[in-house]
Amino acid sequence: MVTYHDPCHLSRGQGIKDEPRKLIEMSGHNFKEMKNPCKCCGMGGSFNITNYEFSMEINRKKALDIKSTGADIAATTCPGCIMQIKDGLHQLGVKAKVVHVVELITLNN
């Protein structure tokens, strides 16, 4: 099962929300929406580098949202979000893969 995180720049800045979900559907994976898909993961460009602890406090909420879906894959379209979410899930001991949404096409479902 796949859940999807809406990156701030793509969803808020460009208004793109439906297209990544359509790609997930086209990939043949089951999809489960997390509680707050549009909440920031805490990466914020270089914010994670200059304010790591605070950024991970923000990320903890995102990681818990992902965990609550039971998904074994969390997808997004932002490389920064991928790194941040991987770190947050690792800190919670969650084994879900974190991938770019386009990678779902190559993953067996």
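Residues in the sequence shown are numbered consecutively from 380, following the working numbering. By construction, the Cβ of each residue, glycine as well, lies at the ideal position given by its N, Cα and C atoms. On a predicted model such as this, the values are computed, not experimentally measured, just so you know.
Under the three-state reduction of DSSP, Thr-485 is assigned to coil, being neither helix nor strand.
Nearest Cα to Val-480 within the set Cys-387, Ile-395, Ser-390, Ser-406: Ser-406. Residue environment analysis places Ser-434 among the buried positions, since at least 16 neighbouring C-beta atoms fall within 10 angstroms of its C-beta. Nearest C-alpha to Tyr-383 among Asn-409, Gly-394, Leu-471: Asn-409. If you look at Lys-440, you'll find it in the alpha helix (DSSP H) that goes 431-448. The closest CA to that of Leu-471, considering only Met-462, Thr-485, Arg-439, Ala-453, is found on Arg-439.
Taking Leu-402 as the centre and dropping the five residues before and after it, the same chain places the C-beta of Val-480 closer than 6 angstroms to its C-beta, in chain order. Following the DSSP letters along the chain, one finds His-479 in no alpha helix (DSSP H) but inside the beta strand (DSSP E) bounded by residues 476-479. DSSP places Ile-403 in the helix class (H, G or I) of the three-state scheme. A residue is called buried when at least 16 other Cβ atoms come within 10 angstroms of its Cβ; Lys-441 meets this threshold and is buried. A residue is called buried once 16 or more other Cβ atoms fall within 10 Å of its Cβ, and Pro-386 is buried on that count.
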